[in-house]
Amino acid sequence: IAGITQAPTSQILAAGRRMTLRCTQDMRHNAMYWYRQDLGLGLRLIHYSNTAGTTGKGEVPDGYSVSRANTDDFPLTLASAVPSQTSVYFCASTPGSGSADTQYFGPGTRLTVL
Amino acid sequence: AQSVAQPEDQVNVAEGNPLTVKCTYSVSGNPYLFWYVQYPNRGLQFLLKYITGDNLVKGSYGFEAEFNKSQTSFHLKKPSALVSDSALYFCAVRVRSSASKIIFGSGTRLSIRP
């Protein structure tokens, strides 16, 4: 593993189903982030974690939850998926939690909710 | 409301010509400014950032960006475009006082024709 991995690469999901998107980094970065990318809207922050054991809400947190049990993993869960959650989801990390830190992104998960 | 604007959805440039991708922002205080590039079906990659000091920042692949505080702009530039520069470019702003406050522009698709 090098950098950030995300799984699955893509998924088609029925509305109402529960889904967990996985994110793992091997860089020992403290902070991790989840974004959704929608055409014409750029990236919007869903949730973030400044360090293991802590999480916070971003710009669009409704319908999503996260956990950060350890440094490497930051799963994103959709408890009951809705079509408006169709998007491309990116996980990212930074070495620290400072504003000047560069973000490193995973390859993304394309999610379609029908 | 704090925001980042990339006024052009698409920029078309002939190979060898200079290119500019525009970014303006409206945030409180003195933010940190970033440019990221996204190639098809890939995550975002860091290009460059402005933290402090010289207003002209040099980054990867020959790109540079000029910070203009009075115009609240951070335009991305390259003296001579390559076909391989064709990609989606995002400007991002992070608020110094809140590392979790990250605002991305909507993206500009750069197309370089041979």
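Here the protein sequences line up with chains A and B, keeping their order. Heads up, the first sequence stops at 125 in the numbering used here, and the numbers go up one at a time, no gaps. Heads up, the second sequence stops at 121 in the numbering used here, and the numbers go up one at a time, no gaps. Cβ coordinates follow ideal geometry from the N, Cα and C atoms, glycine included.
- It is roughly 11 Å from the alpha-carbon of B/L95 to the alpha-carbon of B/G112.
- Residues of the segment 41–52 of chain B with a C-beta less than 9 Å from any C-beta of chain A: F41, Y43, Q45, N48, R49, G50, L51 and Q52, listed in chain order.
- The beta carbon of B/S104 sits closer than 7 Å to those of G36, all from its chain and outside the five residues before and after it, given in chain order.
- Just measuring C-alpha positions, the residue of A/P106, A/H58 and A/A92 sitting nearest A/Q22 is A/A92.
- A/R47 is classed as buried because its beta carbon has at least 16 other beta carbons within 10 Å across all chains shown.
- C-alpha of A/Y100 to C-alpha of B/F53: approximately 18 Å in a straight line.
- In this model, A/T62 and B/V18 are separated by some 39 Å (Cα to Cα).
- In the DSSP assignment, no residue is bridged to A/G69.
- If the five residues before and after A/L56 are omitted, its C-beta is found closer than 8 Å to the C-beta atoms of Y44, W45, Y46, G69, E70 and V71, all from its own chain and listed in chain order.
- Taking a C-beta distance under 9 Å as the contact criterion, A/M30 and A/T88 qualify as a contact pair.
- For A/Q36, the closest Cβ of chain B is not nearer than 9 Å.
- Think of a sphere of 7 Å around the beta carbon of B/F70: no beta carbon from chain A falls inside it, the nearest being about 15 Å out.
- One finds G50 in chain B with Cβ atoms closer than 9 Å to the Cβ of A/G117, taken in chain order.
- Three or more pairs of CB atoms, one per stretch, sit closer than 8 Å, so the segment 66–84 of chain B contacts the segment 41–56 of chain B.
- Three or more beta-carbon pairs drawn from the segment 22–31 of chain B and the segment 80–87 of chain B are found closer than 8 Å, and the two stretches are therefore classed as touching.
- B/R116 has its alpha-carbon roughly 10 Å from the corresponding atom of B/D92.
- Here A/R121 has S21 and V99 as same chain residues with Cβ atoms under 6 Å from its own Cβ, once five neighbours each way along the sequence are excluded.
- Remark: C-beta atoms of A/G53 and A/G117 do not approach each other more closely than 9 Å.
- Per DSSP, the continuous beta strand (DSSP E) segment holding A/L122 begins and ends at T120 to V124.
- Contact of B/K65 with chain A by beta-carbon distance below 7 Å is absent, the smallest such distance being about 15 Å.
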